[in-house]
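Mapped onto the numbering used here, the consecutive letters of the sequence shown carry residue numbers 1 to 138. All C-beta atoms, glycine included, are put in the ideal place defined by N, C-alpha and C.
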Amino acid sequence: MHSRHERNGIRLPRLQHVSLSIKDGSQEQIRAFYGGLLGFREKEVPAILAPKGLVWFDAGDGEMELHFVPDTHLQGAEESRHFCLEVDNLDVYRQKVEQAGYPIIEADPIPHRPRFFTLDPSGNHVELTTILDDYRNV
C-alpha cells in the first residue's frame, strides 16, 4: 500500500524537531509557556547535552519535538536555529547532499543518533539524523 510518506517505495524524511534559541536563564519561563500554558510535555534532554541548559518538549506523535537552546550556546553553525529531518539511511542522504554540492557540517556526536547539518539554497540550517536507539540516557 502506498503511504503519503513514501515516494517510489522509499520512506520520505520526517520532521523530527525544530530548534529555537532562548535567552540564557529563561528556561523556567519557557517551561511555563510551552508546558504550563500550551500543555506540551517536557522531555528529558540527552545526558551529553544536559549541561547546556536545553529544554525539550514532545510536540506530537512519535518523535516530533521542540528544542530550546540558550543563546549562549549558539556559537557554532551546527547549533544555530534549525529544523531536523529524520531519515532511514543517513549515509544515502549524506551522499545525495554532497553530490548536489551542498556543504556537510559535522555535528557534536549524540550516542545512538548519528547526524550532520547542511545549508539549504537560502542558507537555512537543516539537520539530518537517524535514530538508532534511545539516545536520551546515554
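Residue i and residue j closer than 8 Å at C-beta
i    : j    : result
F144 : L66  : The first residue shown for the chain is 1 and the last is 138, placing residue 144 beyond what the model contains.
V55  : Q95  : no
I105 : E98  : no
P42  : I131 : Reading the sequence as shown, one finds Glu at residue 42 and not Pro. Contact: no.
Y93  : L128 : yes
S19  : R81  : yes
Cβ-Cβ separation, residue j to residue i (assumed contact under 8 Å), whole Å
i    : j   : result
P114 : L90 : 5 Å
D24  : P70 : 4 Å
F68  : I10 : With 8 Å as the limit, F68 and I10 do not qualify as a contact, their Cβ atoms being about 32 Å apart.
Residues sharing a beta bridge with residue i, DSSP
i    : result
L128 : L85 and F116
L15  : L85
E171 : Because residue 171 is not part of the residues shown, which for the chain are 1 to 138, the question remains open.
I22  : P70
Pick out the complete beta strand (DSSP E) segments inside the stretch 32 to 106, 3 residues or longer, and give them in chain order. Positions of the beta strand (DSSP E) runs, each at least 3 residues long and wholly inside the stretch 32 to 106, are given as 55 to 58, 65 to 70 and 82 to 86 in order along the chain.
If you pair each beta-carbon of the stretch 80 to 89 with each one of the stretch 4 to 17, do three or more pairs fall below 8 Å? Segments in contact, yes.
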